[in-house]
Each structure stands twice: as structure tokens, then as C-alpha cells.
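Enquirer: Take 447 as the starting number for the sequence shown in my numbering and just add one per residue. The structure under discussion is supplied below as C-alpha cells; questions concerning it will follow.
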Amino acid sequence: SEGICEVETYSRIENGHRTIRRSTFQKLMEKMGRNTDRRYAVCVSKDGMLLDEKREYERAFKRYDYDTAEMYLRKLKEKASENVLTRQYIARAEALISYSKGEISADELIDRLDEVIRITVPNYEMYLDANINFPFMKEELLALMGLGVAYRKIGNSETSEKLYQKVLECVECDYLGYPDKCTLQITVKRNLARLYAENMKYNEFIRAIEDAIELARDKDCGYKLSALLVTMAHGYIEMLKLGKCEGEKKNDAEKYLRQAYYLAAARCDTVMAKRIKLYYTKYFHNGK
């Protein structure tokens, strides 16, 4: 803290009792050797310009078009600079594409994402159980969230929830800017909701998904809202199957799916709209 802030202030920041100023965050990160200069931004070309291939890769990945995503990722890899954050981004993206295409198992995904995080935080696991919140950056938090998904896929709910909660704790410390903070909050709350639903913790499921939906509406994140409404509907459908909620929830589930479809259609997200329509038909029209 020397030359930056008082020791007491630093302690309160570490323990989550004080919101950190962006200028203080910059100085602390630089002192820890974590450069936040634009030259170290993710996916910039060798002359420092942001690459359009990153946007196109992410757009294709969100549409589940993994072949196109892989093509843009190859182009990105050819053009990008060799800074550590870009290497980390590409390594995470390659692991996720390989898993999404069925080329590697969830266990292999865990190994690869573990390596991704260690590129910048070699001893990251020591911070997962600690009371202090290490300032994981966006790419590191995304890799941790990916690890949470992978552990959920192999049935390790305890580790999955621990990883999700750590991401949420870090995001809520307020050192990330908008829209990264908002996007990560919504995504991790949705992941937690899905985990709770799979483990039949339905009260926790409802709280997590309602929080995510409220946040998405408050921040006008329409592109997230469709997926959240589908998650809510799916949770109610599973609860109805097990007799864990009243019959009127079927009407709510149908309403949520309709809202999700209209939102996706209004945003011209044809892939999401098609997936919602198929899901709706399966559960409410017996596949007809």
C-alpha cells in the first residue's frame, strides 16, 4: 500500500469492506506486476489495433456456430500480438470450442482451463478458499466460470458452486468496469441457478434466476434476457415433473418461453428464436 493508500484502507479493500477507486486499482495492479495499459489489452494486432475477428468469433460462438467461430479464431491467432492476455484468451477459446464440438471431455476441459488460468495466476487455487478477494481480471474470471461449468458437467457440484461464488464475490467488489461487471454478474447467477435446479435446490434456483432477470432488465441487457427466461421456464418444467410446484407454474413456464421467443425475434436472433420455438413445441404441443 506504500505510496498508494493507507494500510487500513488497503486492508478494508482486501476484505471486501470498501469499494476500490479505479485510480487506486490501477496503481495496486501495476505494483503487483499486473499491467493494465492498453498495449496489454486482449486481442490487439501487432500495431496495437483491436481486431474485428474477436467480435466475429464471439458472435459465432453465441450462435452455436462452432465451425465459423473456429475459423475466426484461427484468423485472430494469425494477426494478434503475443501479449500474455491475448495468449490466455485464445487458449480459453480453443478449449471451449474443442469441448463444444465434442473433441474433448469435460475432464480434459478442466485440465486445459486450469492451464489457462495459471498463465497469469500460477497459484490461483490458494485464493479460492481465502477470505480475501484476489483481483482476478476478466479473462481469469471467465476461465474460472468455465471451470465451474466443467465441474458441473462431471457432477462435482461442490467445486462448481465454489468457483461460481468466487467469481461473483470478485465481480461484486466493484473493480471491474461496465459492461463487464454487469455481464459477468448475470452470467454467473444464471450458472448458479442451473446448478441449483440440477441439484433440486429450487428455492435457491428461483432466487438466483430472479436476481439475474431483474439485473438484466435493470441494465437493459436484452441479449441476456432471452436465455434467462428460458432457464426460468426450464426450471419450472422440471419442478412440475417432480411435483415440486403448483400446476399454475405450467402457465408461467409457457409465458416465459413466449417472452423469450419474442425478445429473440425482436433482436433478429434467429438461432435463439429457433431453439426456443423447438423447446416450446416439445413441452407444450407434444412435438407438433
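Glycine is no exception: its CB is placed at the ideal position from the N, C-alpha and C atoms.
Which residues mark the beginning and the end of the alpha helix (DSSP H) in which His-731 is found?
Expert: As a first step, residue 731 must be located in the sequence shown, where it is residue number 285. Per DSSP, His-731 belongs to no alpha helix (DSSP H) and is neither H nor E.
Enquirer: If you draw a straight line from the C-alpha of Leu-522 to the C-alpha of Leu-497, how long is it?
Expert: Looking up residue 522 in the sequence shown gives position 76. Looking up residue 497 in the sequence shown gives position 51. Going from the Cα of Leu-522 to the Cα of Leu-497 covers about 7 Å.
Enquirer: What does DSSP give as the partner residue(s) for Ala-596 in the beta ladder?
Expert: As a working note, residue 596 is residue 150 in the sequence shown. None, per the DSSP bridge assignment.
Enquirer: Do the region 593 to 601 and the region 615 to 625 make contact, defined as three or more Cβ pairs closer than 8 Å?
Expert: The answer is no - the region 615 to 625 does not touch the region 593 to 601, with fewer than three Cβ pairs under 8 Å.
Enquirer: Would you decide whether Glu-586 is buried or exposed? Buried here means 16 or more other CB atoms lie within 10 Å of its CB.
Expert: For the purposes of this step, residue 586 is taken as residue 140 along the sequence shown, with counting starting at 1. The residue in question, Glu-586, is buried, as its Cβ has 16 or more Cβ neighbours within 10 Å.
Enquirer: Below 8 Å, can you find three or more Cβ-Cβ pairs linking the region 507 to 523 to the region 534 to 543?
Expert: The region 507 to 523 vs the region 534 to 543: in contact.
Enquirer: Could you check if Arg-485 is buried or exposed, using at least 16 other CB atoms within 10 Å of its CB as the buried criterion?
Expert: Indexing the sequence shown from 1 puts residue 485 at position 39. Because Arg-485 carries a pLDDT of 47, less than 50, the predicted location of this residue cannot be relied on, and the following value inherits that uncertainty. With fewer than 16 Cβ atoms within 10 Å of its Cβ, Arg-485 is classed as exposed.
Enquirer: Do you know how far the Cα of Cys-714 is from the Cα of Tyr-669?
Expert: Mapped onto the sequence shown, residue 669 falls at position 223. Mapped onto the sequence shown, residue 714 falls at position 268. Roughly 10 Å between the two C-alpha positions.
Enquirer: Taking the C-alpha atoms as reference points, what is the distance between Val-617 and Arg-636?
Expert: The count along the sequence shown starts at 1 and reaches residue 617 at position 171. The count along the sequence shown starts at 1 and reaches residue 636 at position 190. Those two C-alpha atoms are separated by around 14 Å.
Enquirer: Using a threshold of 7 Å, state whether the C-beta atoms of Ala-711 and Ala-719 are closer than that.
Expert: Translated into the one-based positions of the sequence shown, residue 711 becomes position 265. Translated into the one-based positions of the sequence shown, residue 719 becomes position 273. Closer than 7 Å, so yes.
Enquirer: For Gln-705, tell me which candidate among Gly-693, Leu-555, Ser-672, Ala-643 has the shortest Cα-Cα distance.
Expert: Taking the sequence shown and counting its residues from 1, one reaches residue 705 at position 259. For the residues Gly-693, Leu-555, Ser-672, Ala-643, the minimum Cα distance to Gln-705 belongs to Ser-672.
Enquirer: Can you give the beta carbon distance from Leu-641 to Tyr-610, rounded, assuming they're within the 8 Å contact cut?
Expert: For this step, residue 641 is matched to residue 195 along the sequence shown. For this step, residue 610 is matched to residue 164 along the sequence shown. Their Cβ separation, rounded to whole angstroms, is 7 Å, which keeps Leu-641 and Tyr-610 in contact under 8 Å.
Enquirer: Check whether the region 650 to 661 touches the region 674 to 691, counting contact only when three or more Cβ pairs, one atom from each stretch, lie closer than 8 Å.
Expert: Because the criterion of three Cβ pairs below 8 Å is met, the region 650 to 661 and the region 674 to 691 touch.
Enquirer: I'd like to check one pair, Cys-628 with Lys-665: are the Cβ atoms closer than 7 Å?
Expert: Looking up residue 665 in the sequence shown gives position 219. Looking up residue 628 in the sequence shown gives position 182. Yes. Within cutoff.
Enquirer: Decide if Thr-532 is buried, meaning its Cβ has at least 16 other Cβ atoms within 10 Å, or exposed.
Expert: The residue labelled residue 532 in the question sits at position 86 within the sequence shown. Buried, since its Cβ has 16 or more Cβ neighbours within 10 Å.
Enquirer: What is the residue span of the alpha helix (DSSP H) that His-463 lies within?
Expert: As a working note, residue 463 is residue 17 in the sequence shown. Segment: none, His-463 is in no alpha helix (DSSP H) and carries neither H nor E.
Enquirer: In terms of alpha-carbon separation, which member of Asn-602, Ser-606, Asp-575, Asp-560 lies closest to Glu-589?
Expert: The count along the sequence shown starts at 1 and reaches residue 589 at position 143. Reading off the sequence shown, one finds Ala at residue 589, where the question assumed Glu. Comparing Cα-Cα distances from Ala-589 to each of Asn-602, Ser-606, Asp-575, Asp-560, the minimum goes to Asp-560.
Enquirer: Opposite Ala-526 in the DSSP bridges: which residues?
Expert: Reading the sequence shown from its first residue, position 80 is the one you call residue 526. Ser-491.
Enquirer: In the DSSP assignment, find the unbroken alpha helix (DSSP H) run with Leu-622 in it and report its ends.
Expert: Reading the sequence shown from its first residue, position 176 is the one you call residue 622. Where Leu-622 is concerned, there is no enclosing alpha helix (DSSP H), given that its DSSP letter is neither H nor E.
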